[in-house]
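4 protein chains.
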Amino acid sequence: MNARERSKIETRRRLMEAGIALFASRGISDTRSTALAEAAGVAVGTLYLHFKDKEGLARAILMEGLEALLAELGTVACDAALDVGEAVRRQTDIMIRFAQERPGLCRTLFDPEAVRWQISTEIMDRVVAIQERRFFDQAAAGLLDAAVSPRVAARAVVGMLLFSLNWWIIHPDEADAETLAATLNRLRLSGVYAR
Amino acid sequence: MNARERSKIETRRRLMEAGIALFASRGISDTRSTALAEAAGVAVGTLYLHFKDKEGLARAILMEGLEALLAELGTVACDAALDVGEAVRRQTDIMIRFAQERPGLCRTLFDPEAVRWQISTEIMDRVVAIQERRFFDQAAAGLLDAAVSPRVAARAVVGMLLFSLNWWIIHPDEADAETLAATLNRLRLSGVYAR
Amino acid sequence: MNARERSKIETRRRLMEAGIALFASRGISDTRSTALAEAAGVAVGTLYLHFKDKEGLARAILMEGLEALLAELGTVACDAALDVGEAVRRQTDIMIRFAQERPGLCRTLFDPEAVRWQISTEIMDRVVAIQERRFFDQAAAGLLDAAVSPRVAARAVVGMLLFSLNWWIIHPDEADAETLAATLNRLRLSGVYAR
Amino acid sequence: MNARERSKIETRRRLMEAGIALFASRGISDTRSTALAEAAGVAVGTLYLHFKDKEGLARAILMEGLEALLAELGTVACDAALDVGEAVRRQTDIMIRFAQERPGLCRTLFDPEAVRWQISTEIMDRVVAIQERRFFDQAAAGLLDAAVSPRVAARAVVGMLLFSLNWWIIHPDEADAETLAATLNRLRLSGVYAR
DNA sequence: GATGAATGAGGATTCATTCAT
DNA sequence: GATGAATGAATCCTCATTCAT
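Residue numbers (this note's numbering), protein chains in the order written: chain A, 1 to 195; chain B, 1001 to 1195; chain C, 2001 to 2195; chain D, 3001 to 3195.
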């Protein structure tokens, strides 16, 4: 049944879109499974046909979002020709663009609430691990300041990015994209103080 | 009756300590009101005699913790003689010491879960506002880099600190206090890269 | 699914019957939601699937009962050919028969406790309003004594009927239906005293 | 200790006044014992020093009110010289005056909610019993219509009076005292219809 | 595959009453 | 006699999940 398969995929897609929208506006735990089904235009039972449980839907959304984000970020890592400053700038640009294009997804992806859902511990750890690996490589290449711990720095940089972006998605009018990028880059590259 | 009043204060204190311990280990929403009462050695009703509801206890704990932290941080702000680098280093030291001395409190205070509890929006906003004011003053004094937005930078720095400290409290063995301090300071003062 | 719909309606019916029986014997506030569910042979949650809350069930029962009673009483109002005495007698007969046929429902419907449930303010007001309208019409037709206020008389007559019937349902052996009817009619039509 | 005794009586009086006011405005079950104590300016424990429990306070208030009302009504019964019409008129006047002078007390005394409190079953029964005895006497004297059951008529008359007065206390502007009295008297003495 | 009525364990909160001071 | 902090049984309602249709 090709039509049936298409319909199944379509149903799953609608559930995920409903999840992205509702999780973004109410948070995961405050989103009722009936509300998800209603928003997706299906019966509650259908949710459990496509996902193990509500957290399964959240996990699918977040993982898919994470993969998409990491795929984009991966393009930077591959380009060995870039110097450190350029790589940082590219990374920031990618994250800001991602936030602009998929704000609903990002609100859930960067949402600190998700910490309690064990999913995002995985997500955080993956994101941090990537940053950590990069810092380790840079340290090996002598690019990193000697006093800096790659592990700590990775946490700090990720925290800085997620916290700032999460705020910016909710309050997009508080800063324009260029200022946001410039500030985050400057902070990472040479601190905020004039020299 | 003075004895009665003392006993009431003592009961409240025990409830708050039970809250600090349980909220730290299970999070606010996963801590049952009965567990709080049991841990404090009182009946459930007593919790509601001292606080409006479970969130009221959380709010009291967080607010008291916040005040304590801000009071310590305030000593830095007052010392106008400090140069920027010294002020940053002092601030970091204070936060790390606070985290070491009151790890349970900090786990709840810096815990992103609290975001969903509306309490910590207040807390975050207060912390960010303080950092923001400091940056504005420094900008006025020409200390800040021109490209940097005080508002964005305040969010970024607070996110960096809270995210890192929250991680460090949970995994204290991943880094020693000096490395943590050195990395956070270096990042804020001149970025992580060698120059 | 038609079978499913039928089952849903059947479940609702059983909840309402459980409500009629339990509310009649214990009153609304002394009837536990679990008792209602148990009596209806369903889980507690099912009660809240069909009604907003316990009061919602009570409201549904009372409103349905009221509609049934008013429908029967309406037949009298329509028969314009009846003289005053005959109309009163018919009305009394209808109410007594209704009380005999659905004693459980009437215990709740006429139960003064319901006053506190805000529901029966509506019920009382509707019943009184009907009687009031009738009295106003009769006053306009010169049938009413000049000293009589239709508004007050309506309250008095309704109070007389409800209070008497509520008592009679609980103590059916204290008077037979004919005596009850005769006394209530005589009181309304020409007072209780011989002339 | 004469001063102590006086103080005790005074405390009891304040509790009863608090009860009259709060029971009238919120009903018995919706009045918290702490609210009673607060309104009386004493501690909760004091309530239980003067009354067995909350219902005990309600009982005391209602019984005292009932005795006062019956005492006034008793003056009519004693005056054997009165003819039936005059006795009815006097009784109505007394009840209306009582309602005007002590509206708070009457709201609780005539409040149908009290039915569920077992207290008012006693009260109702006493009031009805008095009316019943009067009707039996009148029946023996040949004053009552032959078709009328004294027992039923007593219920009907009491229901009529209580229901009407309870309404009038809450909505005093819907009718003036004279119209109220005239209507109630006319209904009892010769029905509401013109002849 | 889709449905949606039914489930029931679970948890927050209330409030009349007590009793040590 | 008065106090008021402490009690804890009692009850309402929620909502993720299931499974017969």
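Glycine included, every Cβ here is placed at the ideal spot set by N, Cα and C. Note that the coordinates shown come from a computational prediction; the quantities given were computed from them, not determined experimentally.
- Within the region 1140–1153 of chain B, those residues whose Cβ lies closer than 8 Å to any Cβ of chain A are, in chain order, G1142, L1143, L1144, D1145, A1146, A1147, V1148, S1149, R1151, V1152 and A1153.
- Counted as a single uninterrupted DSSP element, the alpha helix (DSSP H) harbouring D137 (chain A) occupies residues I119 to A140.
- If you ignore the 5 residues before and after G1019 (chain B), its C-beta comes within less than 7 Å of the C-beta of L1036, L1057, A1058 and I1061, all in its own chain and listed in chain order.
- When C-alpha distances from E3067 (chain D) are compared across D:D3079, D:A3040, D:C3106 and D:K3052, the shortest belongs to D:C3106.
- Around A24 (chain A), the same chain offers G104, R107 and T108 as residues with beta carbons nearer than 6 Å, after the five sequence neighbours per side are excluded.
- Listed along the chain, the chain A residues whose CB falls inside 9 Å of the CB of R1032 (chain B) amount to none; the nearest CB is some 15 Å away.
- In terms of Cα proximity to T179 (chain A), the closest of B:R1151, B:E1086, B:G1045 and B:E1010 is B:R1151.
- A residue is called buried when at least 16 other Cβ atoms come within 10 angstroms of its Cβ; A2153 (chain C) meets this threshold and is buried.
- Taking the Cα of I1123 (chain B) as reference, the smallest distance to any Cα among B:Q1138, B:R1014, B:V1158 and B:N1002 is reached at B:V1158.
- Nearest in C-alpha terms to C78 (chain A), of all of A:I130, A:E17, A:Y193 and A:L184, is A:I130.
- Residues of chain A whose Cβ lies closer than 8 Å to the Cβ of T1183 (chain B) are, in chain order, A147, V148, S149, V152, A153 and A156.
- In the three-state scheme derived from DSSP, where H, G and I count as helix and E and B as strand, L165 (chain A) is classed as helix.
- R102 (chain A) and M16 (chain A) have their alpha carbons spaced roughly 13 Å apart.
- By the criterion of a C-beta distance shorter than 6 Å, R90 (chain A) is surrounded in its chain by V76, once the five residues flanking it on both sides are discounted.
- Under the Cβ criterion of 8 Å, E3122 (chain D) is not counted among the residues facing chain C.
- Here the alpha carbons of I3119 (chain D) and K3054 (chain D) stand approximately 12 Å from one another.
- Taking all protein chains shown into account, A3140 (chain D) has fewer than 16 neighbouring C-beta atoms within 10 Å of its C-beta and is therefore exposed.
- Per DSSP, reduced to three states, the secondary structure at L1066 (chain B) is helical.
- Here S1007 (chain B) is exposed: its Cβ has fewer than 16 other Cβ atoms, across all protein chains shown, within 10 Å.
- D176 (chain A) and A182 (chain A) have their C-alpha atoms spaced approximately 10 Å apart.
- Going by DSSP, F1098 (chain B) is part of the alpha helix (DSSP H) stretching over V1084 to E1101.
- Residues R1014 of the same chain have their beta carbon placed closer than 7 Å to that of G1041 (chain B), with the five preceding and five following residues left out of the count.
- Note that the C-beta distance between L2189 (chain C) and G3191 (chain D) is below 8 Å.
- Between R155 (chain A) and S1164 (chain B), the C-beta gap is smaller than 8 Å, which places the two residues in contact.
- As DSSP reads the structure, L3144 (chain D) sits in a beta bridge with C:Y2193.
- Out of C:L2022, C:W2167, C:I2094 and C:T2034, the CA that lies nearest to the CA of D3125 (chain D) is found in C:W2167.
- Within chain A, no C-beta atom comes less than 9 Å from the C-beta of E1086 (chain B); the nearest is roughly 12 Å away.
- For D2173 (chain C), the three-state secondary structure derived from DSSP is helix.
- By the Cβ-count criterion, E2132 (chain C) is buried, with 16 or more other Cβ atoms from all chains shown falling within 10 Å of its own Cβ.
- Under a criterion of Cβ atoms nearer than 7 Å, the residues of chain C adjacent to S3190 (chain D) are, in order, S2190 and G2191.
- Rounded to whole angstroms, E1174 (chain B) and V148 (chain A) show a C-alpha spacing of 14 Å.
- At the C-beta level, V2084 (chain C) and L2143 (chain C) come within 8 Å of one another.
- Judged by DSSP in its simplified three-state form, G1074 (chain B) adopts helix.
- Of C:Y2193, C:A2099, C:P2172 and C:F2098, the smallest CA-CA separation from Q3138 (chain D) is found for C:Y2193.
- Between E5 (chain A) and the set A:H50, A:A39, A:S33 and A:L22, the nearest pair of CA atoms involves A:H50.
- Taking the CA atoms as reference points, V1044 (chain B) sits about 32 Å from T34 (chain A).
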